[in-house]
Amino acid sequence: MGPGSEPAPGDPGSPGDPDRPASFEFVSRWQLRTDRRRVWDALVDFHRWPEWWPGLHDVEQLRQGAPDGIGQKATSHWHAPLGYRLQITIEAVERAEPE
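According to this note's numbering, the sequence shown holds residues 2 to 100 in order.
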């Protein structure tokens with residue numbers, strides 16, 4: 002980015018820019034000893050995540066979305082082991098229910 006230019010939509014802001022939070026993508030892979038349906042049911046019921054996800058303090062629904070869950074949006078508040086706090090907003094853009 003040169004002087005006076007703006008970041009492209011979806012790009013993180015300049016380092017130190019307080020008006021544009023940084024954008025991150027988290028990817029994780031879990032191996033669980035249970036059936037897929039139980040895992041699916043737990044993942045789509047985000048209101049109950051704090052019951053089983055360590056560090057997750059609360060979840061607040063921002064938008065309900067369509068009946069299939071697409072467009073659902075929520076914000077979550079996390080307490081990290083090193084003492085810092087995170088607020089993460091998630092939006093369902095795709096769903097692939099197990100067969």
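No residue lacks a Cβ here, since even glycine has one placed at the ideal position from N, Cα and C.
With residue i and residue j assumed to form a contact (beta carbons below 8 Å), what rounded beta-carbon distance in angstroms separates them?
i      : j      : result
Val-60 : Trp-53 : With 8 Å as the limit, Val-60 and Trp-53 do not qualify as a contact, their Cβ atoms being about 12 Å apart.
Find out if the Cβ-Cβ distance for the pair residue i, residue j is shorter than 7 Å.
i      : j      : result
Gln-62 : Ala-75 : yes
Ala-97 : Ile-71 : no
Pro-99 : Trp-41 : yes
Please name the residue, chosen from the options, that lies closest to residue i on a Cα-to-Cα basis.
i      : options                        : result
Glu-95 : Ser-77, Ala-67, Ile-89         : Ala-67
Ser-77 : Gly-56, Leu-83, Arg-39, Arg-34 : Gly-56
Phe-47 : Gln-65, Val-28, Tyr-85, Ser-24 : Gln-65
Pro-82 : Gln-73, Asp-69, His-58         : His-58
Determine which residues share a DSSP beta bridge with residue i and list them.
i      : result
Glu-92 : Lys-74
Glu-61 : Thr-76
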